[in-house]
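Asker: Residue numbers for the sequence shown, in our numbering: -15 to 276.
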Amino acid sequence: MFPIEKYHMAESVQDAVRALAEDENARVIAGGTDVLIRLHEGHKDYRNLVDINSLDALRRIWQEDDGSVCIGALASFTEIMDHPLVQKFVPVIGEAVATVGGPQVRNRGTMGGNICNGAVSADSACAALVHEVDLVIENVDGERTESVIGFHAGPGRVNLKHGDLLKYFRIRPENYLNMGAAYYKYAMREAMDIATIGCAAGLHVTDGAISELRLAYTVSAPTPIRCAEAELAAKGQPLNKTTLGNIAQTVEQDVKPRTSWRATKEFRMHVIRTLAAKVITNAAWKIGEKIA
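1) Contact defined as beta carbons within less than 8 Å: I believe Tyr168 pairs with Leu259. What is the distance between those atoms, to the nearest angstrom?
2) Return the bridge partner residues of Ala185 from the DSSP annotation.
3) Just curious, the alpha helix (DSSP H) that Ser108 is in, first and last residue?
4) DSSP state of Met(-7), grouped into three classes?
5) For Tyr152, which option in Cys54, Asp49, Arg11 has the closest C-alpha, if you only look at C-alpha atoms?
6) Just the C-alpha distance for Tyr30 and Asn162, rounded to the nearest angstrom, thanks.
7) Enumerate in chain order the residues of its own chain whose CB-to-CB distance from Gln71 is below 7 Å, with the five nearest sequence positions on each side excluded.
8) Which residues bound the beta strand (DSSP E) around Ala137?
9) With distances taken between CB atoms, is the gap from Ala59 to Thr17 smaller than 9 Å?
10) What is the rounded straight-line gap between the Cα of Ile181 and the Cα of Asn32?
11) Can you tell me whether Leu39 is helix, strand or coil according to DSSP?
12) Excluding sequence positions up to five away, which residues of its chain have a Cβ less than 7 Å from the Cβ of Glu8?
13) When you compare each of Arg141, Val34, Ala57 to Ile45 by their alpha carbons, which one comes out closest?
14) Does the structure place the segment 201 to 208 close enough to the segment 105 to 113 that three or more beta carbon pairs sit under 8 Å?
15) Can you grab the Cα-Cα spacing for the pair Phe61 / Cys100, in whole Å?
16) Verify whether the separation of the beta carbon atoms of Thr122 and Val(-3) is less than 9 Å.
17) Could you spell out the range, first to last residue, of the beta strand (DSSP E) harbouring Arg128?
18) From Gly96 to Ala0, what distance separates their C-alpha atoms?
19) Checking the sheet assignment: what are the DSSP bridge partners for Glu122?
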């Protein structure tokens, strides 16, 4: 038995927001792939639940008139992977969530939960950072939009206020058009393992030179991060092996890996440098560019 003390099945977004606002200890349960584990472990912070699984409006994946691709907070990883809009416009998001757990977890788990639980290893976080995804959030005071950049506040912490409910993600066209993007998850096992390091790159190339690089990592700092120094070092540089080597060295200024039982700091840094070149090469390939 799970030690649940209060349970509310939300009938609408407004009902969910009201229930969250009225109980300072309430937590959202969606796919349950994280919450139920924490309940099983006896975490007291998860005993008052607001269940949003009946809110089918939050499962939608659609495109707005301005070209923005929107992914509902309740869309499962499998639904995201298989959706034509994701495959056409933001395929790296589908590629990233395809690395989460096994089929059972992907059928239940959601990108909303993956981002909002604040995990440093969240597989969808790198792709979200590369596409500079917006989070559309509602509470009793109304709706607001926050960027995923800066949304992670620390290990297991995000910038959600009491009573907040994430409704959907929005990827604006300027954050995916003409961009090659790739993700790679390095893990000790090939399947169903937490990332030792996750890395994604978004790339724009003009006349053989990098006009913009977006480089993101998980498990390389206290939060998922974008690499400002490496991105700056890449701007305007020719797309060749020398530039990739320089980026791999510069990224050391952006990351702060640590030693844990999973891997040493030194090993993580080696993987970080190696993945920089790998994902940029793959991102270039997706827009028909080759490394000179």
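Yeah, the Cβ is synthetic: ideal placement off N, Cα and C, and Gly gets one too.
The model shown is predicted, which means the values in this text are computed figures rather than measured ones.
Answerer: This is what the structure holds:
1) The residue labelled residue 168 in the question sits at position 184 within the sequence shown. The residue labelled residue 259 in the question sits at position 275 within the sequence shown. With 8 Å as the limit, Tyr168 and Leu259 qualify as a contact, their Cβ atoms being about 6 Å apart.
2) For the purposes of this step, residue 185 is taken as residue 201 along the sequence shown, with counting starting at 1. Paired residue(s): Ala166, Leu199.
3) In the sequence shown, residue 108 corresponds to position 124, counting from 1. Note, Ser108: alpha helix (DSSP H), 107 to 114.
4) One-based indexing of the sequence shown puts residue -7 at position 9. In the structure shown, Met(-7) sits in a strand (DSSP, three-state: E or B).
5) Indexing the sequence shown from 1 puts residue 152 at position 168. Each of Cys54, Asp49, Arg11 was checked against the Cα of Tyr152, and the nearest Cα belongs to Cys54.
6) Along the sequence shown, read from residue 1 onward, the residue named residue 30 stands at position 46. Along the sequence shown, read from residue 1 onward, the residue named residue 162 stands at position 178. About 43 Å.
7) Position 87 of the sequence shown, counted from the start, is the residue given in the question as residue 71. Closer than 7 Å at the Cβ level, and outside the excluded window around Gln71, lie Gly78.
8) Within the sequence shown, numbered from 1, the residue matching residue 137 stands at position 153. Where Ala137 is concerned, the enclosing beta strand (DSSP E) starts and stops at 136 to 138.
9) Taking the sequence shown and counting its residues from 1, the one referred to as residue 59 is at position 75. Taking the sequence shown and counting its residues from 1, the one referred to as residue 17 is at position 33. Taking 9 Å as the Cβ cut-off, Ala59 and Thr17 do not qualify as a contacting pair.
10) As a position in the sequence shown, residue 181 is number 197, starting the count at 1. As a position in the sequence shown, residue 32 is number 48, starting the count at 1. Rounded to the nearest angstrom, the two C-alpha atoms are 33 Å apart.
11) By 1-based counting over the sequence shown, the position of residue 39 is 55. Coil, per DSSP.
12) In the sequence shown, the residue the question calls residue 8 occupies position 24. Same-chain partners within the cutoff: His146.
13) Residue mapping note: residue 45 aligns to position 61 of the sequence shown, counting from 1. Out of Arg141, Val34, Ala57, Ala57 has the C-alpha closest to the C-alpha of Ile45.
14) A contact between stretches requires three or more CB pairs, one per stretch, nearer than 8 Å, and the segment 105 to 113 meets this requirement with the segment 201 to 208.
15) Against the sequence shown, residue 61 aligns to sequence position 77. Against the sequence shown, residue 100 aligns to sequence position 116. Cα-Cα distance, rounded: 14 Å.
16) In the sequence shown, residue 122 corresponds to position 138, counting from 1. In the sequence shown, residue -3 corresponds to position 13, counting from 1. For the sequence presented, residue 122 should be read as Glu rather than Thr. Taking 9 Å as the Cβ cut-off, Glu122 and Val(-3) qualify as a contacting pair.
17) Stepping through the sequence shown from its first residue, residue 128 is reached at position 144. Looking at the DSSP string, the run of the beta strand (DSSP E) that includes Arg128 is 126 to 131.
18) Here the question's residue 96 lines up with position 112 in the sequence shown. Here the question's residue 0 lines up with position 16 in the sequence shown. Taking the straight line from one Cα to the other gives about 15 Å.
19) Residue 122 sits at position 138 when you count from the first residue of the sequence shown. BP columns for Glu122 point to Glu127, Leu149.
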